[in-house]
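**Q**
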Amino acid sequence: MKRSLRHLPDLTTTLLYAAALAPAAAMLLVVSPFQV
572 MKRSLRHLPD LTTTLLYAAA LAPAAAMLLV VSPFQV
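Under the working numbering, think of the first position of the sequence shown as 572, with each following residue one higher.
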């Protein structure tokens with residue numbers, strides 16, 4: 572039980588990183604064609 576609880580913070584942090592990086596990656600994908 573403790574092992575499963577220990578993985579929860581890692582999952583939340585990865586979700587936070589994904590939520591933070593997704594808009595940046597989307598902007599890069601949208602902006603890169605116009606800069607060429």
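The C-beta atom is built at its ideal place from N, Cα and C for all residues, glycine as well. Predicted model, so just to flag it, every value in this text is computed and none were measured.
1. Alpha carbon to alpha carbon, how far is alanine 589 from aspartate 581? Give it in angstroms, no decimals.
2. Rounded to whole angstroms, what is the Cα-Cα separation between alanine 596 and threonine 583?
3. Identify, in the order they occur along the chain, each residue of the same chain with its Cβ nearer than 8 Å to the Cβ of phenylalanine 605, setting aside the five sequence neighbours on each side.
**A** This is what the structure gives:
1. To locate residue 581, count along the sequence shown from 1; it is residue 10. To locate residue 589, count along the sequence shown from 1; it is residue 18. C-alpha separation (whole angstroms): 12 Å.
2. Sequence index remark: in the sequence shown, residue 596 carries index 25 (1-based). Sequence index remark: in the sequence shown, residue 583 carries index 12 (1-based). Cα to Cα, the separation comes out at about 20 Å.
3. The residue given as residue 605 occupies position 34 in the sequence shown. Taken in chain order, the list of residues that qualify is empty.
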